[in-house]
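Notes follow once the structure below has been shown.
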């Protein structure tokens, strides 16, 4: 599936195609498309005059970027130290079990992407899970299905 | 001229020299892997470490990147340096056990065991190929991707690169895959056998049978000798 | 800030001064109440936005729109209390609010001035309520010079910042100080970088100032990647202008014209608030060209991180702003000399910048008066993990860990034991309990093997495995390493691999040596701070918790019950006799009851006994019990035993040839019977000697019949005898025969299992009177059907199981009027089984807590009363429980006819009087080697209560079971070699799952009890068993932790 790249030139122009704005440009493309399409990276390489391999280096170095399209629903489990000590890994395992994928992967039907993050700064209410931007506090194994149920029903 | 003290010896370095260049000028041996005179410095393999400073402030730095400083005190072979160097070699062996270059280093510096699980990746991420492609060949077809334990060298998107002109420079310069060890203990992680090959290939051939010169023949002599005598010709250290 | 307000750019210093004064005056004159709602990221996660909406609605309803000021502020710091509000001017603190509370607050507190009790903070240690912020124990020891402004201002309104004197320091700086004077002030204050390294800030600025360059930069490092640290986020969200002001002052001092605030992209609210703040500052002319007419140019931009922990490192951060991968580079040259785009750059942490305006305002000397010699000022810590009062804590340097964790933090939840605190994030280390009085400053933390870091403080309790913690950090680091240096990239990966092997029970002692060697190499050989400090978590846990590593390696144990591949199912893991609870539960769920019975019998020669009286340590560690109800394991075991009995299933007792040596066992209690059973099965000729007329030990002598019906006990004992054991009753060691006699008779080994049946005397006057019977004596008489005088009011002294047993036995006696138990501590410290205490209270037993006997009042040789003292709890004693202290002058008299001391039991080892060299303790227990159970006399072993003092049935059985093994080895080979294996189920059973709905509704079944009439008038068994349906449903509720190990997953895959 080819992504519609019509929005990319505008983003590049916004930053005046400056080399130093590479990361900011990639961040905007990521936000717009929910991932970094290959063609977009080629375009960025051309317009900014940065070798493609260097653009790919940056795109794969930072966790904020994804070269693969993400699912419609994003589940992020916090694995910061405080959440870890309070049982975060068990919550992650339950999600992995229920969705049938491992952290960092997307379900084959492209519905869910499961990710981990190394600290959201909400340690008081850990373990924390963010589902589609909504924060869920004091997670337990039982609450996992309560989060997934309504999202599964939605498209 | 910059004056500094290396291994107790007062030495003088030109402006812009690194500690490695200074040491080499004076004949002091420091092992390197990712350093190459024709390419920019990288400082990733951590083999060329030296100890600078004294007492509690002493620390290890890569000599290939550290600039010569006025009054700096440098030691190239302290206990700390050797211990670190050995561990680096052991780590390298654990991912590229078939590399003759690394096996040779192991023999030279007394690394006799690999206590980590062997991974057989044939790549120590020294970046020589990347720099060769970019700087000498002006290709920029390959580069580093990802970070941490997932780091790798590849073309963009792991696809056939348009920039690659099949010059073979990357293979030429690679220390891991270029000289593949074919000695008698090739399957084990560390063998050190090639240092004490007896008989050597020169006992059978009129010229050196190395990988670089004649692909596929390295170790031939030993194999043939063994097949002839039906006894192990090489001794393990 | 009101967007419609026309903002006039300030062009002169005097204009700023006037504006600040005007806003300050407005605030001082403000009479309307202000409701300040804590609305940082975690406040919002708890619903503070909904709360704000509810307040707005309530205010509209009461038509109070202009009469109340509602402020959505940044984080107030006390995260545990969120969502919380503070009502000014009184400073009333309301916590844990729901949107529906808003109306009540408006109506009662705002309009009527009433304090609403239910919203107040309650101190968990003394139950006291606090009204104002300053009264709350969390805040009392803090000194919030940086974060204190958060509750006072709306972060999105620069005018609010002016109103608390904001930008006065900038004004002062630009009006009256030269850049050098500013640097001098910062130097004199002693401010050190708050990001982690603690480099003297003034010095750094001085270096940068000295560089000759047209262009200079300053950067605010808000990457805050340490998991568990979020103080920078709180400051940026709640008071961005404070940081901006600090940076403008810094830029002026250094001579920089451009600056960046590098915020990690995981902080969207911080980015948003800072952006708005920058806009406002620019509009007012505090940023830009010719600031306030002084000719000073400076502008500030936001740069967003993209998810890389390593970008918290200076040179990597610079690379990231330049649009490159975040790979650190070598220093020298330092950024102060050659930084962003090769120009001199000063990088400081958010908290460092946040301190600058206060130092300029109150002076360097004031700042230096706070803290210690080497570490001045305050530090903000994020106190998280296993702690009651989670939150952001700002304290003066030099405060101790104890004060932070216990006084401010309120201690560990569920009264668990403090184990360690991790400081400094992945670059730091774990500090153990013995360092709890360590004063916190840069030097002391480094010396202890950790670092200050950015201030994350993660508290851990006894259920945190330190090996797992090391593994967690290594996993983090191997992912976050930039990957350039072989030592860091490959080193962290290999360290992780080794520690992972250890957590799986596959570690060796060589691994520990390798860990240390590799750790030192990684530390030495790496280029940047990440690699150089990566080994710290491993090194510090090895330093302070080496025994925990060794437990994983040598004994295949994880004391914190965390490492899944070692634990498998916690119930099986913790059972002293290795009962595979998870396996027989799995079989019950499948209806395979006979197989379940065999699984129980395999490890338990006293199954009927255990099904009634075992104290079920398995249930206390059951995972279903975390945030729910543990599986009723003992009840399930009982179901199987009863079912087998009803269906006449006989245990398959192999009768082996007794061709091996003779072994003597002294004591036919649980320890002796179990040892005898296993030795007999292995072919030894076993003779058990017991001084009582019937075998059973404490099971027949002490435990009452209403808990353990005697037919069941006899059944188990008969099955044990069937293996070919000889039991000789009425045979007392020391009186009828000696140890030497036994050896002379040809016994090759002796196992002493005589228990602890001698009651400890109270030691108070009157104990010799008639009417005083020791609890053990009373129980023995009742259990053996002997005549015993019980009459009138009976006082039982003590809080253990013997006391409860005695009480429940006494209350069944028709001559008994009243039974009171007097215990010197509270119910929380009472050692008796909770279920037994509950049953006793149901049966009418009275318990008086915090009461101790002083003297027995005797008249004509008989007991007529008991003089008692009230007690209060003081500091904990060696047992960890709070010591009871008598309250002077609180004596009072209780009318009683009998006194039953039950304050504890001791073994009676008078039979060892003539055995000189045997080692015993002053508590009169026998000393044995912990693993082999051998005493210091060769061939003489001991186990059970005679070694441990009064303990439990299953622990005594475990001693017998293990001793049987070591006795066998000793007799056969003369040597004892201990082998430790991972506990795994003997068979893999498929799980029978409950549906989602069933799981929601399923509850732990309550066992029914016989009627109170029957209970009080007989010794009939009180508790009844589960029905088949109940048992199967409960068995299905089991989470099957045994299927979580790697082995289990592989086995289940194969079977599919």
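Residue numbers (the numbering used here), protein chains in the order written: chain A, 12 to 166; chain B, 29 to 265; chain C, 4 to 1059. C-beta atoms are modelled at their ideal positions from N, C-alpha and C, and glycine is treated no differently. Computed from a predicted model, the values in this text were never measured in an experiment.
_In whole angstroms, give me the CA-to-CA distance for residue 354 of chain C and residue 229 of chain C._
Along the third chain, read from residue 1 onward, the residue named residue 354 of chain C stands at position 351. Along the third chain, read from residue 1 onward, the residue named residue 229 of chain C stands at position 226. Rounded to whole angstroms, residue 354 of chain C to residue 229 of chain C spans 15 Å at the Cα level.
*Residues of chain A with a CB under 7 Å from the CB of residue 263 of chain C: which are they?*
Position 260 of the third chain holds residue 263 of chain C. Here the premise fails: no neighbours, minimum Cβ distance about 11 Å.
*Pull up the CB-CB distance for residue 154 of chain C and residue 90 of chain C, whole angstroms please, since I reckon it's below 8 Å.*
Within the third chain, numbered from 1, the residue matching residue 154 of chain C stands at position 151. Within the third chain, numbered from 1, the residue matching residue 90 of chain C stands at position 87. Incorrect: roughly 11 Å between the Cβ atoms, too far for contact.
*Roughly how many angstroms lie between the CA atoms of residue 196 of chain C and residue 1038 of chain C, to the nearest whole one?*
On the third chain, position 193 is the one that residue 196 of chain C refers to. On the third chain, position 1035 is the one that residue 1038 of chain C refers to. Answer to the nearest angstrom: the Cα atoms are 57 Å apart.
*Measuring only between beta-carbons, confirm whether residue 63 of chain B sits less than 8 Å from chain C.*
Taking the second chain and counting its residues from 1, the one referred to as residue 63 of chain B is at position 35. No, because no Cβ of chain C sits closer than 8 Å to the Cβ of residue 63 of chain B.
_Once DSSP output is grouped into helix, strand and coil, what is the label at residue 916 of chain C?_
The residue labelled residue 916 of chain C in the question sits at position 913 within the third chain. Reduced to three states, the DSSP call for residue 916 of chain C is coil.
*Flag residue 120 of chain B as yes if its beta-carbon sits less than 8 Å from any beta-carbon of chain C, otherwise no.*
Numbered from 1 along the second chain, position 92 holds the residue referred to as residue 120 of chain B. At least one chain C Cβ lies under 8 Å of residue 120 of chain B.
*asked:* So for residue 374 of chain C, helix, strand or coil by DSSP?
replied: Position 371 of the third chain, counted from the first residue, corresponds to residue 374 of chain C. Three-state DSSP puts residue 374 of chain C in a strand.
*Specify whether the stretch 45 to 62 of chain A and the stretch 97 to 115 of chain A touch according to this definition: at least 3 beta carbon pairs, one from each stretch, less than 8 Å apart.*
no
*What distance in whole Å lies between the Cβ atoms of residue 38 of chain C and residue 12 of chain C, which are believed to be in contact at a cut-off of 8 Å?*
Residue 12 of chain C sits at position 9 when you count from the first residue of the third chain. Residue 38 of chain C sits at position 35 when you count from the first residue of the third chain. Contact flag wrong, Cβ pair sits at about 33 Å.
*Going straight from the alpha carbon of residue 915 of chain C to that of residue 946 of chain C, what length do you get?*
On the third chain, residue 915 of chain C is found 912 positions in, with the first residue counted as 1. On the third chain, residue 946 of chain C is found 943 positions in, with the first residue counted as 1. Taking the straight line joining both Cα atoms gives about 15 Å.
*Going by DSSP, which residues form a beta bridge with residue 856 of chain C?*
On the third chain, position 853 is the one that residue 856 of chain C refers to. For residue 856 of chain C, DSSP records a beta bridge to C:871.
*asked:* Please tell me whether residue 130 of chain B and residue 120 of chain B are closer than 8 Å, where the distance is taken between their beta carbons.
replied: Here the question's residue 130 of chain B lines up with position 102 in the second chain. Here the question's residue 120 of chain B lines up with position 92 in the second chain. Contact: yes.
*If you run the structure through DSSP and keep just helix, strand and coil, what is residue 618 of chain C?*
If you number the third chain from 1, residue 618 of chain C lands on position 615. Three-state result, residue 618 of chain C: coil.
*In or out: residue 842 of chain C buried (at least 16 other Cβ within 10 Å) or exposed?*
Translated into positions along the third chain, residue 842 of chain C becomes position 839. So residue 842 of chain C counts as buried.
_Other residues of its chain near residue 214 of chain B: CB distance less than 6 Å, five sequence neighbours each side excluded_ = Your numbering for residue 214 of chain B matches position 186 in the second chain. At residue 214 of chain B, the pLDDT of 47 sits below 50, so the modelled position is not reliable and the matter cannot be decided from this model.
*Along chain B, which residues have their Cβ under 9 Å away from the Cβ of residue 509 of chain C?*
On the third chain, position 506 is the one that residue 509 of chain C refers to. Neighbours of residue 509 of chain C on chain B: none; closest Cβ ~12 Å, over 9 Å.
*asked:* So if I threshold CB-CB distances at 9 Å, which residues from the stretch 151 to 177 of chain B count as touching chain C?
replied: 152, 153, 154, 155, 172, 174, 175, 176, 177
*Check whether the Cβ atoms of residue 871 of chain C and residue 897 of chain C sit closer than 8 Å, and answer yes or no.*
Counted from its first residue, the third chain places residue 871 of chain C at position 868. Counted from its first residue, the third chain places residue 897 of chain C at position 894. Yes, the pair counts as a contact, with Cβ atoms nearer than the cut-off.
*What are the residues that DSSP puts in a beta bridge with residue 66 of chain A?*
Along the first chain, one-based indexing puts residue 66 of chain A at 55. For residue 66 of chain A, which the question treats as bridged, DSSP gives no partner whatsoever.
*asked:* Need the endpoints of the alpha helix (DSSP H) that residue 1119 of chain C sits in, please.
replied: The question about residue 1119 of chain C has no answer, for chain C in this structure spans 4 to 1059.
*Evaluate residue 529 of chain C with the Cβ neighbour count: other Cβ atoms within 10 Å of its Cβ, from every protein chain shown; 16 or more gives buried, anything less gives exposed.*
Here residue 529 of chain C refers to the residue found at position 526 when the third chain is read from its first residue. The residue is buried, with at least 16 neighbouring Cβ atoms inside 10 Å.
*Taking residue 729 of chain C as part of the alpha helix (DSSP H), name the residues at either end of that continuous run.*
In the third chain, residue 729 of chain C corresponds to position 726, counting from 1. From DSSP, residue 729 of chain C is part of no alpha helix (DSSP H) but of the beta strand (DSSP E) over 729 to 731.
*asked:* Using a Cβ-Cβ cutoff of less than 7 Å, which residues in the same chain neighbour residue 108 of chain B once the five nearest sequence positions on both sides are dropped?
replied: Position 80 of the second chain holds residue 108 of chain B. Closer than 7 Å at the Cβ level, and outside the excluded window around residue 108 of chain B, lie 79, 88.
*Which ranges would you report for the beta strand (DSSP E) in the stretch 143 to 192 of chain B if only whole runs of at least 3 residues count?*
171 to 173, 180 to 182
_At the level of alpha carbons, what is the spacing between residue 684 of chain C and residue 721 of chain C?_
Within the third chain, residue 684 of chain C is the residue found at index 681, counting from 1. Within the third chain, residue 721 of chain C is the residue found at index 718, counting from 1. Taking the straight line from one Cα to the other gives about 15 Å.
_Any chain C beta carbon closer than 8 Å to residue 77 of chain B_ = Looking up residue 77 of chain B in the second chain gives position 49. Yes, contact with chain C.
*Distance, Cα to Cα, residue 124 of chain A vs residue 116 of chain A?*
The residue given as residue 124 of chain A occupies position 113 in the first chain. The residue given as residue 116 of chain A occupies position 105 in the first chain. Answer to the nearest angstrom: the Cα atoms are 6 Å apart.
*Mind checking which residues open and close the alpha helix (DSSP H) that includes residue 146 of chain A?*
Along the first chain, one-based indexing puts residue 146 of chain A at 135. Careful: residue 146 of chain A lies outside any alpha helix (DSSP H), inside the beta strand (DSSP E) at 145 to 147.
*asked:* Counting only beta-carbon separations shorter than 8 Å, does residue 787 of chain C have a partner in chain A?
replied: Working through the third chain from its first residue, we reach residue 787 of chain C at position 784. Judged by the 8 Å Cβ criterion, residue 787 of chain C is not in contact with chain A.
*At what residues does the beta strand (DSSP E) containing residue 885 of chain C begin and finish?*
Reading the third chain from its first residue, position 882 is the one you call residue 885 of chain C. 885 to 889 is the span of the beta strand (DSSP E), which, as asked, contains residue 885 of chain C.
*alpha helix (DSSP H) segment containing residue 113 of chain C, residue limits*: Locating residue 113 of chain C in the third chain gives position 110, counting from the first residue. Residue 113 of chain C -> no alpha helix (DSSP H), and no H or E assigned at all.
*Quick one: list the residues of chain C neighbouring residue 93 of chain B, beta-carbon separation under 9 Å, in chain order.*
Mapped onto the second chain, residue 93 of chain B falls at position 65. The answer, in chain order, is 332, 333, 530.
*If the cut is a Cβ gap below 9 Å, which residues of chain B does residue 314 of chain C touch?*
Numbered from its first residue, the third chain carries residue 314 of chain C at position 311. The premise fails here: residue 314 of chain C is roughly 11 Å from chain B at the closest Cβ pair, so nothing lies under 9 Å.
*asked:* With a threshold of 8 Å between beta carbons, is residue 68 of chain A in contact with chain B?
replied: Translated into positions along the first chain, residue 68 of chain A becomes position 57. Nearest CB-CB separation between residue 68 of chain A and chain B: below the 8 Å threshold.
_residue 1045 of chain C classed as buried or exposed, judged by whether at least 16 other C-beta atoms fall within 10 angstroms_ = Taking the third chain and counting its residues from 1, the one referred to as residue 1045 of chain C is at position 1042. That one is buried.
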